[in-house]
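Numbering (my numbering), first residue to last: 630 to 685.
Below, the structure is given as structure tokens:
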């Protein structure tokens with residue numbers, strides 16, 4: 630195996646690890662945003678329910 634092949638494999642490994650880290654980070658961000666959005670909508674619905682109960 631030549632030095633160039635070893636360097637190429639090392640570069641591919643580093644690139645792969647960086648891509649995996651980026652994918653993991655973006656997935657965590659999406660999960661966080663989805664949970665935050667779900668929390669906001671559930672609060673909004675509970676407020677509306679309280680208002681409607683108070684109006685009756």
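Virtual Cβ for every residue (Gly too), placed ideally from N, Cα, C.
- In this structure, the alpha-carbon of residue 671 lies about 10 angstroms from that of residue 665.
- In the three-state reduction of the DSSP assignment, residue 636 falls in the helix class.
- For residue 670, the secondary structure class from DSSP, reduced to helix, strand or coil, is helix.
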